[in-house]
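Residues in the sequence shown are numbered from 22 upward in steps of one, following our numbering.
From the three backbone atoms N, C-alpha and C, an ideal C-beta is built for every residue, glycine too.
First the structure, in the form of structure tokens, and then the observations on it.
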Amino acid sequence: MTGDHGWAGVLALADPSRRELYDHVRRAGRPVSREEAAAAAGISRGLAAFHLDKLVEAGLLRARYEAPPDRPRGRGRTPKVYEPTADTVTVTIPQRRYQLIAEILTDAIADDPADAQRAAREHAHRFGQSFGAELRTRADVRAALDELGFEPEVAAGRVLLRNCPFHALAARHTALVCGLNHAFVDGLVDGLGATGVRTRLAPHPDRCCVELAGPGV
22 MTGDHGWAGV LALADPSRRE LYDHVRRAGR PVSREEAAAA AGISRGLAAF HLDKLVEAGL
82 LRARYEAPPD RPRGRGRTPK VYEPTADTVT VTIPQRRYQL IAEILTDAIA DDPADAQRAA
142 REHAHRFGQS FGAELRTRAD VRAALDELGF EPEVAAGRVL LRNCPFHALA ARHTALVCGL
202 NHAFVDGLVD GLGATGVRTR LAPHPDRCCV ELAGPGV
């Protein structure tokens, strides 16, 4: 859970009672009812229900209706229960996307361990295309880059990317990570259908190694 979703998770957990409820549900190892959660946090059932549903809205918990195993069928209302999702809360400023690089590299190694670097570039391009296709109906190139954390800025007819979402890894393995970054951005442009937009590697110590030019940027 990163970006805007990450902030939603952080804000949801800022309330001490909400954080206590979330911790209790995570530790329980089974679905937790509103009554049980309220008793654990020492608050009313109504207030617990409010906080638990806010945690569901933030993507930190999921809810469903489930009868206790010892209740006879057809007796009473089926209670709402909560359990944690698999999401984790990650907020970085400026935005980083290390999980994306990890997914690209692990998929590449699984796909072609003999030539993982080539496979990683192909996977990076496909990942970019997938993101572009998802954003195509609501974002142009600059808006998509901004949403992904690149912090685009127009300068002298080019789009410079002020932030590298893969900064720490790019500093350690520049050629590999910058190559994957270039393939990813190139795929993003393809997925957005931004014909005429060109991407190129333009390494610079103070910004992302990729820049864009052409109509539509």
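Tell me, to the nearest whole angstrom, how far the beta carbon of G153 is from that of D211; I am working on the premise that it is less than 8 Å. 6 Å
Inside the stretch 96 to 155 only - beta strand (DSSP E) runs reaching at least 3 residues: 101 to 105
Quick check on DSSP: helix, strand or coil for A215? coil
Beta-carbon contacts of L201 that lie in its chain and below 7 Å, excluding the five residues immediately before and after: I122, I125, A141, R142, A145
Name the two residues that bound the continuous beta strand (DSSP E) containing R83. 82 to 86
Under 8 Å Cβ to Cβ from E41, same chain only, skipping five residues before and after it: list those, please. A61, A62
A35 in three-state terms, based on DSSP: coil
Cα-Cα separation, R147 to G208: 6 Å
Simplified DSSP state of E3, which is helix, strand or coil: This structure cannot settle anything about residue 3, because the visible part of the chain is limited to 22 through 238.
Spatial neighbours of D167 within its chain, please: CB distance less than 8 Å, with the 5 preceding and 5 following residues excluded, ordered by chain position. P173
Closest by CA to A70, which one among A192, A88, S38, R47? S38
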